Amino acid sequence: MKNNSLGIVSKPQLGGDIEAYCGKCKEVREHVIAALSSNGAVERVQCRTCQSNHTYRERQAKTATARTASGTTRTPKTAKKESLLTAEPTGPLRLYSTREKFAIGDRIEHPKFGLGVVTDVRLGKIDVKFGKDLRILIHAG
9 MKNNSLGIVS KPQLGGDIEA YCGKCKEVRE HVIAALSSNG AVERVQCRTC QSNHTYRERQ
69 AKTATARTAS GTTRTPKTAK KESLLTAEPT GPLRLYSTRE KFAIGDRIEH PKFGLGVVTD
129 VRLGKIDVKF GKDLRILIHA G
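Counting from 9, one number per residue, gives the positions in the sequence shown under the working numbering.
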């Protein structure tokens, strides 16, 4: 059962939203409830970011955590991304292509998702913030 901000306790429902650890994204992200057990517990979820379908994992990430001044717990990677998302994009606007290499802060234009900013770069993949959505895209890096 989930306790929301109004203090009302609600049972998880199919198609409902829940925060869970995504093994593919390696972060806590918003998921859609895909399957419930016979006793009503969440069993399977689908990540809203990468669309992977997996067993439900609690919100705690498997990486080391750091406590902030406000008392909330964040992973170092999440703290880094949050600071990047508030930073101004750098460089000229570039068209997205899987054959191009991108760096953190690059502004890109994607044919489907529109304008975005690269927030993280890793081998062969980039995280791009399109408005409120974070997408994982392929690149030549």
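C-beta atoms are modelled at their ideal positions from N, C-alpha and C, and glycine is treated no differently.
Every value quoted in this text rests on a predicted model; they were computed, and no experiment measured them.
Those residues which DSSP pairs with residue i across a bridge
i	result
residue 29	36
residue 133	130, 146
residue 55	39
residue 122	118
Residue closest to residue i, alpha-carbon to alpha-carbon, out of the options
i	options	result
residue 41	57, 34, 24	24
residue 100	106, 111, 144	111
residue 48	20, 116, 121	20
residue 130	18, 38, 145, 117	145
residue 124	28, 132, 114	114
residue 147	26, 138, 107	107
Euclidean distance between Cα positions of residue i and residue j
i	j	result
residue 141	residue 50	24 Å
residue 136	residue 54	20 Å
residue 65	residue 45	14 Å
residue 102	residue 36	30 Å
residue 22	residue 28	15 Å
residue 32	residue 127	17 Å
residue 52	residue 59	12 Å
residue 153	residue 61	Any answer about residue 153 is impossible in this case: the structure gives the chain only from 9 up to 149.
residue 120	residue 57	15 Å
residue 143	residue 26	19 Å
residue 138	residue 116	9 Å
residue 149	residue 104	13 Å
residue 71	residue 122	Because the pLDDT at residue 71 is just 46, under 50, the model does not fix this residue reliably, and the value given afterwards should be weighed accordingly. Those two C-alpha atoms are separated by around 32 Å.
residue 30	residue 18	23 Å
residue 134	residue 39	20 Å
residue 118	residue 63	31 Å
For residue i, the three-state DSSP class (helix, strand or coil)
i	result
residue 140	coil
residue 63	strand
residue 75	Residue placement at residue 75 cannot be trusted, given a pLDDT of 49 that sits under 50; what the coordinates show is reported in the next sentence. Correct three-state label for residue 75: strand.
residue 22	coil
residue 102	strand
residue 108	coil
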